[in-house]
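Notes follow the structure.
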Amino acid sequence: MTDDLTLPLLSRTLDNGLRVVVSSTPGLGVVAVNLWYDVGSRHEEPHRQGFAHLFEHLMFQGSRHVKSGDHFALLQGHGAALNATTSFDRTNYYESMPGGALDLALWLEADRMAYLNDALTQENFDNQVDVVAQERSQRMDNVPYGTVFEKALPLVFDPGHPYGHLPIGNMQHLAEATLKEVSAFHATYYMPNNAVLSIVGDVTESEALSKAEHYFGHIPSGTAPDRVLPEPLPAVAEASRLDVAEDVPSPAIWFALRLPADSPTGRELPAVGLASSILGEGDTSRLHRRLVRHDQTAMSAGLGLNALIAGNALGVGSVHAVPGQDLDEIAAVFDEVVSRFAAEGPTQLELDIARAQAERDWLDEMSTAAGRADALSSSALLFGDADFLNQRLPLLRSLTAEEVRQAAQVWLTPAVNAQVRVVPSTSGQETERAGIAERADAAADPDSTGADV
Amino acid sequence: MTTQSTPPVVTPADSWHFPEAAEHQLSNGIRVLTYHCPGQYVIAASLLFDVPLEVEQRDKEGVAAMTARCLTQGAAGRSAEEFADALALCGADLGASASFDGFAVHLSTPVPHLSSALRLMADAVESPAFDQQEFDHERQLRLQEIEQLSAYPEHIAGRQLNAAVFGKSRSARPAGGSTETVEAIEHDDVVTFADDHLQPATATMIVAGDFGTVDPLAQVARAFERWRHWGRAARTRKPVEASDSPQVVLVDWPDSPQSTLRVAGRAVTRDDERWQPMFVANHAVGGSFSSRINTVLREEKGVTYGASSSLETSRRSGVLSVATAVRADATAAAVADIVEILTAATGTLTDDEVATAVRAATESAALGFERAEAVVSRVEMLLAQGLPPDSVDDNLARLREVTTEAANTAYADVVRPDQLTVVVVGEADELRESLAGWGYATVREVSPEQS
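Listed in order, the protein sequences are those of chains A and B.
Every position in the first sequence, counted from 1, becomes a number in the numbering used here once 445 is added.
Every position in the second sequence, counted from 1, becomes a number in the numbering used here once 45 is added.
This is the structure in structure tokens:
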């Protein structure tokens, strides 16, 4: 790419509906393949939370012409780096490799897109249900604060809302799932016309397109589910709070916020994003400076967002209090900092820093073929056109101080946040304060990228 | 057109070479290595000082890490906040860290801001403010961090492993010191550390990125060449020996649904002539998703999300280390499996395993070094471990030549499956009997803080 901060790209749709995006950077020896399927945890049946992520695991257990485990073995054996992730809105499969292995990657991806069902076995299925349970344990249950966010999420989205549970899901639901459901899921969501394929790096545009056609062109299209998006919800009507006591080393508060949905050209979520960055990203941010540097009542403080498209997006914040500090006071300061920002807006210096950070983030994302491929797939799948990617930075740069202030006023102020306050339990076992209800369901990783294989 | 039923052929990668260094020395003694990486518009830089961690006093271990923390908290007339703002306006990140083999200051910045960012980096190194209040706060944060980390089983497992493997040497103890030693560190200690050890004569500046529109040497010279400072000569490094006795350490972690496991033993340093065949052997045994260890523990038994082995090296030690977390009720079986796999690997690596490992290691080079930061990071590691910075291509060439026989011979020569250190962080009441029953070694129970 050039250093004028745009990414050259070419988009085509195959006859079977597969959207292909190509960006060529010859000579660097690396090619990235990236596939986004239009299915994530938000599409799951209410009694099968975590199914999309489990399914992602099963995609590595073989297909008609590929033995279980060979997707990894063959690609890694030729120097590739690969993995997959499931999040609220999509499931993503990716690999980066030397150019000579591109055909292998495309052949493997096409085989499991078309023929996964041939290889499904009860043994593999049971095995991956076990593996996912250990993934949840390792990332959440055996880590301090690991389950806090799953408790915060239901404060901003009802349990029945597509975003009411996290991608890792519910282990009991998965234990009750059947192989037939796996086949049905594949038939419903895994088809060329429900996916975007990006090919980026050391391959020419024409070669990339012709390979895409060669490996995927024969796969019949299916009836893709309509994209059903729930009604956008406003910020939560009133602040809510849940208190829990857990085996943690110091008190902490997690904040959850209901935000406006991400969209191709919408200005509201990007404005919220700038506001949350100025408030809570990095050591120049207001929350860090006030709580960590000046008051020294916290060891860390941050605020960020998860850009989702189905009616709303999600904001997440946290403050880790210095042991012994009063959470009421810390919460009051958090509210004060956000309220002041919502009243006054950013300073010019803060806007300049936020813009410099946005450019830096872009350059980091563009510095690898894999990063570029993922950005292209995202734009193409979620927004319908990869080209929106190149409009992101100009849009961010055009946001005014007043737009940023207003976004904070509407979406980030104390009146509209939900808090989970965690204090160290005295006995070392999970307890609850009397009178506060707690959701029993499992959920996962607050990170938007959900879970890896 | 239908799909083919067998995998397409992979055409061999074009020969790839590590970027070539342009090398210079500034008039004040700083060695400069620059690497042009086309398309990398975030420039990465590392200023590495040849300072082993042993220069620290025993009762004030962690002073190097404290100095690293304080270095960026204000410099050359700017307060900590002004300094942070100046960096942020460049879209730059600046940090410092102290490891066993060296002290390094890291910068990353978009190309257009290189000049300003290097100036800030030089300010931090040449004239850090070392404000008393900033020091007090950083020490407090470090003490809090030590306490917080002790609540994470992964951290405890790593700490206990180092203690058990490295015995009395500096490597046995955390680079950032303990509660006791950090409490003893004073503001003057940080000032003295910087004064004694951060000097041009022992510094190498490594810079990588797309230099199409900037002259990195000129920029580095402009920022750093006027720095005149003389500190102390570096002390010689003491040898470090990893344990060669079988040990089982059990750290009680009540109510844990998983046990966090580490299994480690002596291996080789990167300058050892067995390095390449050992690297290949490790890949097959535990260094990839399809390796023996991960295949058994995850794909066959489903007791873990992932299990892997790696060769951990410093200038003076090399260790083969297996890491995983398993379902609590599968703990004893899993540790036994790991040791059994390490044992069974002796002499049994197959042609296919070795060929695959060689390909995986050598054909991934372009990808592994795609980012400027990866280039800088590798050069820094090589220098810190006393290896030539231009040895990447040579290493790849040697890897390509590793035969099945060589991999098996090296593994048999190096790995002692009967002399491993095993660390288990899990519910002791449930585990002590089964671990004792396994009989690998007497189970030594320690509390999480103990070492």
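C-beta: ideal position from N, C-alpha, C; glycine also.
* **Euclidean distance between Cα positions of A:L551 and B:L444** => Between A:L551 and B:L444, the C-alpha separation is close to 28 Å.
* According to DSSP, which residues form a beta bridge with B:L92? -> B:V150, B:M250
* Give me the Cα-Cα distance between A:Q741 and B:V235, rounded to the nearest whole angstrom. => 21 Å
* Over what stretch of residues does the beta strand (DSSP E) that includes A:Y538 continue unbroken? -> Run containing A:Y538: 536-543, per the beta strand (DSSP E) assignment.
* To do: Consider the Cβ of B:D59: report whether some Cβ of chain A lies at a distance smaller than 9 Å.
  => With respect to chain A, the C-beta atom of B:D59 has a partner C-beta closer than 9 Å.
* Asked: In three-state DSSP terms, what is B:A141?
  -> strand
* To do: Run the proximity test for B:W320: is its beta-carbon closer than 8 Å to any non-hydrogen atom belonging to the ligand NAD?
  => Judged by which ligands are present, the structure shown has none, so any question about the ligand NAD falls away.
* **Range of the contiguous alpha helix (DSSP H) that encloses B:N327** => 320-330
* Compare the C-beta of A:M636 with all C-beta atoms of chain B and state if any pair is closer than 9 Å. => no
* Asked: At least one CB of chain A closer than 9 Å to the CB of B:V87: is that the case?
  -> yes
* Asked: Hey, how far is the Cα of B:Q495 from the Cα of B:V294?
  -> 11 Å
* To do: Could you tell me which of B:D438, B:D146, B:G431, B:A373 sits nearest to B:L501, measuring between CA atoms?
  => This structure cannot settle anything about residue 501 of chain B, because the visible part of chain B is limited to 46 through 496.
* Asked: Whose CA, out of A:R805, A:V593, A:A755, A:D647, lies closest to the CA of A:L678?
  -> A:A755
* Asked: Mind pulling the chain B residues with CB within less than 8 Å of A:V693?
  -> A196
* Asked: When the distance is taken between beta carbons, is A:L611 closer than 9 Å to A:S763?
  -> No, these two residues do not count as a Cβ contact at 9 Å.
* Using three-state DSSP, classify A:N569 as helix, strand or coil. => helix
* B:L427 to A:R457, Cα distance in whole Å? -> When rounded, the distance between both Cα atoms is 45 Å.
* **Identity of the residue in B:E446, B:T407, B:S301, B:V460 nearest A:R581 by Cα** => B:S301
* Could you tell me the boundaries of the alpha helix (DSSP H) in which A:F700 lies? => Per DSSP, A:F700 lies in no alpha helix (DSSP H); the unbroken beta strand (DSSP E) holding it starts and ends at 697-705.
* Mind checking the segment 104-138 of chain B against chain A and listing, in chain order, the residues whose C-beta falls within less than 9 Å of any C-beta there? => A125, E126, A129, D130, L132, A133, L134, C135, G136, A137, D138
* To do: Please go through the segment 718-771 of chain A and give each complete beta strand (DSSP E) segment of 3 or more residues, from N-terminal end onward.
  => Runs of beta strand (DSSP E) with 3 or more residues, each lying fully within the segment 718-771 of chain A, are found at 743-751, 757-766, listed in chain order.
* Any beta-carbon of chain A closer than 9 Å to the one on B:T349? -> yes
* To do: Can you say whether A:L794 is buried or exposed, counting buried as having 16 or more other CB atoms within 10 angstroms of its CB?
  => exposed
* Asked: Does B:G39 get closer than 9 Å to chain A when you measure Cβ to Cβ?
  -> This structure cannot speak to residue 39 of chain B, because chain B is shown only from 46 to 496.
* To do: At 8 Å on the CB atoms, spell out the chain B contacts of A:W552, in chain order.
  => T48, Q49, P52, P53
* To do: Could you name the residues of the same chain whose beta carbon sits closer than 7 Å to that of B:V348, not counting the 5 residues immediately before and after it, in chain order?
  => L342, V371, R372, A375, A379
* To do: Could you confirm whether any beta carbon from chain A is found closer than 9 Å to the beta carbon of B:V252?
  => no
* Asked: Could you give the distance in angstroms between the alpha-carbon of A:A743 and the alpha-carbon of B:P52?
  -> 55 Å
* B:W61 lies in the alpha helix (DSSP H); which residues open and close that run? -> Careful: B:W61 lies outside any alpha helix (DSSP H) and carries neither H nor E.
* Between which two residues does the beta strand (DSSP E) harbouring A:T530 extend? -> 526-531
* Asked: Taking 9 Å as the CB-CB cut-off, is A:P589 touching chain B?
  -> yes
* **7 Å Cβ cut-off: residues of chain A touching B:Q511** => The question about residue 511 of chain B has no answer, for chain B in this structure spans 46 to 496.
* Asked: Should the segment 92-100 of chain B be called in touch with the segment 816-831 of chain A, which here means at least 3 C-beta pairs below 8 Å?
  -> no
* Asked: What residues from chain A crowd round B:S333, counting only those whose CB sits closer than 7 Å?
  -> Q521
* To do: Closer than 8 Å by beta-carbon distance: list the chain B residues that pair up with A:E804, in chain order.
  => G136, P155
* Reference B:G136; option with closest CA among B:S161, B:E126, B:A125 -> B:S161
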